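A.B. asks: My structure is below; once you've seen it, I'll send some questions.
Number of protein chains: 4
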Amino acid sequence: MADKTAVKSALRAQRIETPSWGYANSGTRFKVFGQPGVPRTPEEKIADAATVHRFTGVAPSVALHIPWDQVADFGALARYARDLGVEIGAINTNVFQDEDYKLGSVTNPDPAIRRKATDHLLEAIGIMDATGSRDLKLWFSDGLNYPGQDDLRDRQDRLAEALREAYDRLGDGRRMLLEYKLFEPAFYATDIPDWGTAYAHCVELGPKATVCIDTGHHAPGTNIEFIVAFLLRAGKLGAFDFNSRFYADDDLMAGAADPFQLFRIMYEIVRGDGLGESSGIRFMLDQCHNIERKIPATIRSVMNVQEATAKALLVDRDALRAAQREGNVLEANAVLMDAYNTDVRPLLAEVRAEAGLDENPVAAYHRSGYQQKIEAERVGGRQAGWGA
Amino acid sequence: MADKTAVKSALRAQRIETPSWGYANSGTRFKVFGQPGVPRTPEEKIADAATVHRFTGVAPSVALHIPWDQVADFGALARYARDLGVEIGAINTNVFQDEDYKLGSVTNPDPAIRRKATDHLLEAIGIMDATGSRDLKLWFSDGLNYPGQDDLRDRQDRLAEALREAYDRLGDGRRMLLEYKLFEPAFYATDIPDWGTAYAHCVELGPKATVCIDTGHHAPGTNIEFIVAFLLRAGKLGAFDFNSRFYADDDLMAGAADPFQLFRIMYEIVRGDGLGESSGIRFMLDQCHNIERKIPATIRSVMNVQEATAKALLVDRDALRAAQREGNVLEANAVLMDAYNTDVRPLLAEVRAEAGLDENPVAAYHRSGYQQKIEAERVGGRQAGWGA
Amino acid sequence: MADKTAVKSALRAQRIETPSWGYANSGTRFKVFGQPGVPRTPEEKIADAATVHRFTGVAPSVALHIPWDQVADFGALARYARDLGVEIGAINTNVFQDEDYKLGSVTNPDPAIRRKATDHLLEAIGIMDATGSRDLKLWFSDGLNYPGQDDLRDRQDRLAEALREAYDRLGDGRRMLLEYKLFEPAFYATDIPDWGTAYAHCVELGPKATVCIDTGHHAPGTNIEFIVAFLLRAGKLGAFDFNSRFYADDDLMAGAADPFQLFRIMYEIVRGDGLGESSGIRFMLDQCHNIERKIPATIRSVMNVQEATAKALLVDRDALRAAQREGNVLEANAVLMDAYNTDVRPLLAEVRAEAGLDENPVAAYHRSGYQQKIEAERVGGRQAGWGA
Amino acid sequence: MADKTAVKSALRAQRIETPSWGYANSGTRFKVFGQPGVPRTPEEKIADAATVHRFTGVAPSVALHIPWDQVADFGALARYARDLGVEIGAINTNVFQDEDYKLGSVTNPDPAIRRKATDHLLEAIGIMDATGSRDLKLWFSDGLNYPGQDDLRDRQDRLAEALREAYDRLGDGRRMLLEYKLFEPAFYATDIPDWGTAYAHCVELGPKATVCIDTGHHAPGTNIEFIVAFLLRAGKLGAFDFNSRFYADDDLMAGAADPFQLFRIMYEIVRGDGLGESSGIRFMLDQCHNIERKIPATIRSVMNVQEATAKALLVDRDALRAAQREGNVLEANAVLMDAYNTDVRPLLAEVRAEAGLDENPVAAYHRSGYQQKIEAERVGGRQAGWGA
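Those sequence lines, one after another, are chains A, B, C and D. For the first sequence, the positions run 17 to 404 when this note's numbering is used. For the second sequence, the positions run 17 to 404 when this note's numbering is used. For the third sequence, the positions run 17 to 404 when this note's numbering is used. For the fourth sequence, the positions run 17 to 404 when this note's numbering is used.
Structure, rendered in structure tokens:
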């Protein structure tokens, strides 16, 4: 049986990063529904992230997206964040919203556009230096809508070239997180469609490059925890973008669509020693709260990840190993399910209480008046959109 | 062997409707890339549709989307269209872009919002009277993002109630086309997710209600031509929204992703006597030309549907029936493939030439100067967007 | 909050039917791995089913598959079952394993084969009379491997004709359960591929015909609980074949792949008053225990269904309804998840103890010596196979 | 425009390998339907393969499956094949049909079973030496049916160990082809589920190890031609197992389900210089002719691959490149489609006639009397089954 003290200690040490854009308005191609109180500036996004950390205690960093979070003085922004109790997390690049990028960014057939896109990556590396951020996170929307539109292989060459240039500019202790995605916005072929492509480029680049798994970016039926286990074994798992989906890249709250899958993912993390800070793996949320209030949805997502982690930590690994070794299929499965079926909410309430937090972060948030405050104060100006 | 004269006659009689919104800007949630020359008014959209008809000869009607195509005088708009050589086709309702519709339109838990949405359906019926349009086309984005968000069954009751009210208001010779969609923008449950749901409601409503098949709205692996055959047999196939997809509702040009599938669909249409006007089936395009020029893309799509139809008409149905009856799997498949593998472009060139059209509509369009003209003239004003 | 006494009462009254073929050997097209102790006769299968009932208390009937379970005297078989404490449940027809059925059974292009297949359905109705079974369960493997192989629409006509003949022969109080399946063994088109097809035929047939949902028979991404809610509303939900899957029709233990989905299904059952005997809905398992011991796997599956049911019963429906009505997405979802996240194993242990059962049916089975007994006794003879 | 002489020359040089097991009976888990004339020995399978080559002229090798094709003297078998005009192609290992392999072969938790499985790989390498076969083809059914059943990561270690041992035993000029598969027969996790996993192991092993793409082994929506382009660029594409599917691993005739996809795959092959013998890529069929006659189905499949190849060769690559470079989406797509829409059957008839073959291989086969001959002669004995 897992040791309760060790479990609680691991839960206390867990770190989940929230994304600045998760506090902004978002939607589908059909409609973006705005919400009252949504931030208008990077500072207001950071304030919301700090609020999530205040109530959960495990979300001490916030990822930025450039140029959505462009400011004149990133050093000042980092100090602002620190004053509110959070750090700047991964720097995310955006090379998909300029008119120039209609046919691609770093893989565009036009060398001038490739140059522009690569320069943006280098700019983001500069922001890492200014903010102290460790990780450059790269997601490319590059791809094709129609067969024949461009040459699949040439685009790999161009991709490799841009990644190399950015990689070589990374400072000491800095890392590159390379994300993949099956489709959307490209509808025929995406230039990094799967973990294999990201992995191959990362191996070619070197030890600072690792793969980022967005849990919503896979083909139907993909076994995500297998990828987790494989990349951990290969030393190439760099980060997660957690969210959940029923169909495509739905970007729902983590744990909302298939909590058992999230548990299996976290079990592979625990089993592969990926949970602690020393693993270097960054656990991020990447979600779109299209119809639900953003801050409590983020808190709920953090809690869902915590609950999956707690269950993963509770797996009786000795019993599991024994059943596996003797080929006892039903018993091995039962050991795993025993942990999954446990109600870990009391345990997490304990962990929170011991850390001086409210046992129920969502309720505490609602009582705090923060939502009313931002709805009253954040009037006028331009609300940040997920796409802007 | 299919009779060439009859094939050509059927091809000449074919009618494909283009959508007003297909000429407007469109995109994904990540970005809408604008294009020069895109229409700014319903009239300009109709002019583009008339242009497609001028070069293809088989696209004599244009579907409207309300309120995207709202005008003060719909009678005048219909006359304007007729003067350009096209008719107003299906009237599409839009109950997904008001703030009120965040949690649904006709299935919203709030009765006042349901009332508003139903009133919009009735308004569209009024527009049918004003324009002479036969068909009310209904697509609802209604659905849920999270389990528990609302009651699945109550929403069916509300849906049935709104459909009934609209149905009962349909004039003589008018029809309701009910569309279904697996997901998007709702990410957990959609209130009309599949043909079965649309069919059941249509049966309950009565003979004026039929199902509209959007070829991009199915779960992976769905056999669309089966649905076509089934609905034809049941007398409940009302219309198509043609487009193509590799993944989800990609809305690419018809025939671009899986031309063999389009052929199989058209074969079931031919086999079930669904091609001619007497069948009452409306063949529409519903596409988003996110990165390609909209008018030539529409022309290409019309041609792709024509080519699939020509191949379907060329199937040697006597030989096919004989092989099927004797259980000769390879021969039956070979008969079908023989038609599919035929290059029908020369045949269609003949049909066009005989109708006084250029044999190559895309080239003729490019030579016509229309694109240059609209790019020069349509400056200023607000370009129409797919979502606006 | 759900009333605990009512919840326990509902759990005590729950009935889950196990399939005779679930105790037999099964496998994939690659290999059937035999297991010691597997039954060799219908009687031995029934004995295993009675054993599952003995330890779970909620599995008092066993479904038969004809001709796998063919015996000379079905009345005697029913008495044998009753003596062991179980009833004969649904009679399943098998029209897919004769050489004749290579190209279909009731939809075969050859009328003589259709006659033979329909006669088998009538034979099964006779067995219902002999055994007292209420339900005729029909699954057809009929379909096509290649486009063109046969006429999709003719096959619907043939299907309707055979179903009509069988339906008209059903005695008073008898029912027909019509199952659908996306694919396998047919790889291009299946004659009843989805719930819509089954539903349409059932409506045409009349009130005795209802749809059977096999949880493994859907396209990826299908929302099964929506189908449950829809069919319940229409009065056309007749039965479940429970099992679970990650990919296709994997036939794993119910609740093993996506326990949250099973909970959502059971919630719709509870919400739609489908749980009790009066609903007439039959809850069956239909699984293949290819690598795990069959009896404890069946017990575990029964327990998984019970746990999902217990959670569904625990949903605070007043709170849920309130949150839904006010459009509080997060709260409505939280109410549902609160029930799902509850550990219901202690509650079910109580229910079992109160019924005089061991709190842990799997452990009790292992202690009982039954497995050792059948492994010792069932030597020689021919083990029953899932396919034989 | 592609040069016709060069196109014909490339088509004449094309080589497609047929599998010995494609001539044997096969089926689904529900039923294997036997066919008259099916081979009973490895020699008879080779005779059928030689017949396919005789009529197509491009199928001069036959893949073996061990132990299905076990013989006492493999040297004699190779001579027998050569006498009939064909060579022994890839040697396929079978480590999935012994009782021992129920929980895995090279990844089994039991070291003795791993030893046995690895020894089988070494045995196959011996058969390569005896037959002169260049390629060892490895497909493992290894995987898990239930979460927790075994340790995902340990299994990768075991896999790597077995592959290393086999790899190190490969003689000069020998190669290892490593196949991947999403699922089936394992239903929760497969130990080599995707190309990324196969690729990573091949890179680790060394230059003799390359990836084999079975076109039916992917998740829905996977862009196979992307994988082709990627592996070609990385020098790690070793072979194809061609077949087609609508749903899962349906193993239908190549080109039957999505001929446009097969064309796109062959285009990437042509574009990446993968067609000729010098590329070392082996183009194999791997199909199950469950309901159709096996030899003509194999001939048809070979022809389908030829037709896709001819279309790929006809792509006007200069025009394509020009359109791609200028970002002309519609034109680039049109250039590709222009080749696809061409009827290449006359061209292939010419190629065949020039090679002294009948222009219509299927018709020639039917006229030849071979089918009647084998049906008359191959009576008695035990027909070979796909699974035996």
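Glycine residues also receive a C-beta, built at the ideal position from the N, C-alpha and C atoms. A quick note: this is a predicted structure, and the numbers were derived from the prediction, not measured.
(1) Within 8 Å (strictly less), CB to CB, does B/TRP211 reach chain C?
(2) Could you give the distance in angstroms between the alpha-carbon of C/GLY212 and the alpha-carbon of B/ASP210?
(3) Answer with buried or exposed for A/ARG174, where buried requires no fewer than 16 other C-beta atoms within 10 angstroms of its C-beta.
(4) How do the stretch 231-248 of chain D and the stretch 261-272 of chain D stand: do at least 3 beta-carbon pairs fall below 8 Å, yes or no?
(5) Considering only C-alpha positions, which residue in the set D/LYS24, D/GLN30 and D/LYS20 is nearest to D/GLY290?
(6) According to DSSP, simplified to helix, strand and coil, what is C/LYS153?
(7) Between the stretch 216-236 of chain D and chain A, which residues of the former have CB atoms less than 7 Å from a CB of the latter, in chain order?
(8) Which residues in chain A have a C-beta closer than 9 Å to the C-beta of C/ALA379? List them in chain order.
(9) Given A/LEU248, which residues of its chain have a CB within under 6 Å of its CB, disregarding the five upstream and five downstream residues?
(10) Decide if the stretch 363-373 of chain C is in contact with the stretch 19-35 of chain C; the criterion is three or more beta carbon pairs, one per stretch, under 8 Å apart.
(11) Would you tell me roughly how many angstroms separate the C-alpha atoms of C/GLN387 and A/GLU195, rounded to the nearest one?
(12) Could you tell me if C/ASP207 is buried or exposed, where buried requires 16 or more neighbouring beta carbons within 10 angstroms of its beta carbon?
(13) Note down, in chain order, each residue of its chain lying with its Cβ closer than 7 Å to the Cβ of B/ARG130, except the 5 sequence neighbours on either side.
(14) Pull up the distance between the alpha-carbon of D/ASP114 and that of D/HIS136, whole angstroms please.
(15) Of all the options B/TRP84, B/PHE242 and B/ASP151, which has the alpha carbon lying nearest to the alpha carbon of B/GLU33?
(16) Answer yes or no: do B/ASN110 and B/ALA400 have a C-beta to C-beta separation smaller than 8 Å?
(17) Give me the Cα-Cα distance between C/GLN340 and A/GLU308, rounded to the nearest whole angstrom.
(18) Interface residues of chain B around D/ILE307 at Cβ under 7 Å?
(19) For B/PHE49, which residues in the same chain have their Cβ closer than 7 Å to its Cβ, ignoring the five residues on either side in sequence?
(20) Please report the straight-line C-alpha distance between D/THR314 and D/VAL68, rounded to a whole angstrom.
(21) What's the gap between the Cα of D/TYR215 and the Cα of A/GLY251?
(22) What are the boundary residues of the beta strand (DSSP E) that includes B/CYS228?
(23) What separation, rounded to the nearest whole angstrom, lies between the Cα atoms of C/MET192 and C/GLU241?
(24) Can you tell me whether DSSP reads B/GLU342 as helix, strand or coil?
(25) Note the first and the last residue of the continuous beta strand (DSSP E) segment covering C/MET300.
(26) Comparing C-alpha positions only, which one of D/GLU200, D/ALA225 and D/LEU168 sits nearest to D/GLU181?
(27) For C/TRP155, which residues of its own chain have a beta-carbon under 6 Å away from its beta-carbon, when the five flanking residues on both sides are left out?
(28) Note down, in chain order, each residue of its chain lying with its Cβ closer than 8 Å to the Cβ of B/LEU138, except the 5 sequence neighbours on either side.
(29) Do the CB positions of B/VAL331 and B/ALA355 come within less than 8 Å of each other?
(30) Name the chain A residues whose beta carbon is nearer than 9 Å to that of C/ALA313?
(31) Of the choices C/ASP167, C/ALA176 and C/GLY187, whose alpha-carbon is the least far from that of C/LEU221?
(32) Please report whether the beta-carbon of C/LEU193 lies at a distance below 8 Å from any beta-carbon of chain B.
(33) Run through the DSSP bridge pairs and tell me what B/ALA81 is partnered with.
(34) What are the residues of the stretch 146-165 of chain B that lie near chain A, defined by any Cβ-Cβ distance shorter than 7 Å?
(35) State the DSSP-derived secondary structure class of D/ARG191, mapped to helix, strand or coil.
(36) Is D/PHE246 helix, strand or coil when you go by DSSP?
C.D. replies: From the atom records:
(1) Counting from 1 along the second sequence, the entry for residue 211 of chain B is found at position 195. By this cut-off, B/TRP211 is an interface position.
(2) The residue given as residue 212 of chain C occupies position 196 in the third sequence. The residue given as residue 210 of chain B occupies position 194 in the second sequence. If you take the alpha carbons of C/GLY212 and B/ASP210, they lie about 8 Å apart.
(3) Start at 1 with the first residue of the first sequence, and residue 174 of chain A comes out as number 158. Answer is buried; the Cβ neighbour count reaches 16.
(4) The way I'd put it, the stretch 231-248 of chain D does touch the stretch 261-272 of chain D; three or more beta-carbon pairs between them come closer than 8 Å.
(5) One-based indexing of the fourth sequence puts residue 290 of chain D at position 274. Looking at the Cα atoms, D/GLN30 is the closest of the given residues.
(6) Counting from one through the third sequence, the residue named residue 153 of chain C turns up at place 137. C/LYS153 carries a strand assignment under DSSP once its states are collapsed to helix, strand and coil.
(7) Hits within the stretch, in order: ALA216, ALA235 and PRO236.
(8) Position 363 of the third sequence, counted from the start, is the residue given in the question as residue 379 of chain C. The premise fails here: C/ALA379 is roughly 10 Å from chain A at the closest Cβ pair, so nothing lies under 9 Å.
(9) To locate residue 248 of chain A, count along the first sequence from 1; it is residue 232. Excluding residues within five positions, the ones whose Cβ falls inside 6 Å are GLY288 and GLY290.
(10) The stretch 363-373 of chain C, when compared against the stretch 19-35 of chain C, does touch it at the 8 Å Cβ threshold.
(11) Within the third sequence, numbered from 1, the residue matching residue 387 of chain C stands at position 371. Within the first sequence, numbered from 1, the residue matching residue 195 of chain A stands at position 179. Straight-line Cα distance between these residues: approximately 50 Å.
(12) Position 191 of the third sequence, counted from the first residue, corresponds to residue 207 of chain C. Counting Cβ neighbours within 10 Å, C/ASP207 comes out buried, since at least 16 surround it.
(13) Looking up residue 130 of chain B in the second sequence gives position 114. Beyond the five residues adjoining it in sequence on each side, B/ARG130 comes within less than 7 Å, by CB distance, of VAL122, ASN124, ARG174 and ALA178 in the same chain, given in chain order.
(14) The count along the fourth sequence starts at 1 and reaches residue 114 of chain D at position 98. The count along the fourth sequence starts at 1 and reaches residue 136 of chain D at position 120. If I take the Cα positions, the gap works out to 12 Å.
(15) Against the second sequence, residue 33 of chain B aligns to sequence position 17. Check the Cα spacing between B/GLU33 and each of B/TRP84, B/PHE242 and B/ASP151: the tightest is with B/ASP151.
(16) Counted from its first residue, the second sequence places residue 110 of chain B at position 94. Counted from its first residue, the second sequence places residue 400 of chain B at position 384. Taking 8 Å as the Cβ cut-off, B/ASN110 and B/ALA400 do not qualify as a contacting pair.
(17) Here residue 340 of chain C refers to the residue found at position 324 when the third sequence is read from its first residue. Here residue 308 of chain A refers to the residue found at position 292 when the first sequence is read from its first residue. Distance between the alpha carbons of C/GLN340 and A/GLU308: 13 Å.
(18) Translated into the one-based positions of the fourth sequence, residue 307 of chain D becomes position 291. VAL345, listed in chain order.
(19) Here residue 49 of chain B refers to the residue found at position 33 of the second sequence. Here the set comprises GLY43, ASN306 and ILE307.
(20) Sequence index remark: in the fourth sequence, residue 314 of chain D carries index 298 (1-based). Sequence index remark: in the fourth sequence, residue 68 of chain D carries index 52 (1-based). So the two alpha carbons sit approximately 7 Å from each other.
(21) Locating residue 215 of chain D in the fourth sequence gives position 199, counting from the first residue. Locating residue 251 of chain A in the first sequence gives position 235, counting from the first residue. Taking the CA atoms as reference points, D/TYR215 sits about 16 Å from A/GLY251.
(22) As a position in the second sequence, residue 228 of chain B is number 212, starting the count at 1. Where B/CYS228 is concerned, the enclosing beta strand (DSSP E) starts and stops at 225-230.
(23) As a working note, residue 192 of chain C is residue 176 in the third sequence. As a working note, residue 241 of chain C is residue 225 in the third sequence. Distance from the CA atom of C/MET192 to the CA atom of C/GLU241, rounded to whole angstroms, is 22 Å.
(24) Here residue 342 of chain B refers to the residue found at position 326 when the second sequence is read from its first residue. Reduced to three states, the DSSP call for B/GLU342 is coil.
(25) Here residue 300 of chain C is taken as the residue at index 284 of the third sequence, counted from 1. For C/MET300, the uninterrupted beta strand (DSSP E) segment begins and ends at 298-301.
(26) As a working mapping, residue 181 of chain D is identified with position 165 in the fourth sequence. D/GLU181 has its Cα closest to that of D/ALA225, out of D/GLU200, D/ALA225 and D/LEU168.
(27) The residue you call residue 155 of chain C lines up with position 139 of the third sequence. Taken in chain order, the residues that qualify are GLU195.
(28) Your numbering for residue 138 of chain B matches position 122 in the second sequence. Within the same chain, B/LEU138 has close Cβ partners GLU181, ALA182 and ARG185.
(29) By 1-based counting over the second sequence, the position of residue 331 of chain B is 315. By 1-based counting over the second sequence, the position of residue 355 of chain B is 339. Against a cut-off of 8 Å, the Cβ pair of B/ALA355 and B/VAL331 comes out as a contact.
(30) Here residue 313 of chain C corresponds to residue number 297 of the third sequence, with the count starting at 1. What C/ALA313 touches in chain A: VAL345 and LEU346.
(31) Indexing the third sequence from 1 puts residue 221 of chain C at position 205. Comparing Cα positions, the closest option is C/ALA176.
(32) For the purposes of this step, residue 193 of chain C is taken as the residue at position 177 of the third sequence. The Cβ of C/LEU193 sits no closer than 8 Å to any Cβ of chain B.
(33) Residue mapping note: residue 81 of chain B aligns to position 65 of the second sequence, counting from 1. According to the sequence provided, residue 81 of chain B is His. The question's Ala does not apply to it. Looking at the DSSP assignment, B/HIS81 forms a beta bridge with B/ASN108.
(34) Residues SER157, ASN161 and TYR162.
(35) In the fourth sequence, residue 191 of chain D corresponds to position 175, counting from 1. Shown here, D/ARG191 sits in a strand according to DSSP, grouped into three states.
(36) Here residue 246 of chain D refers to the residue found at position 230 when the fourth sequence is read from its first residue. Helix.
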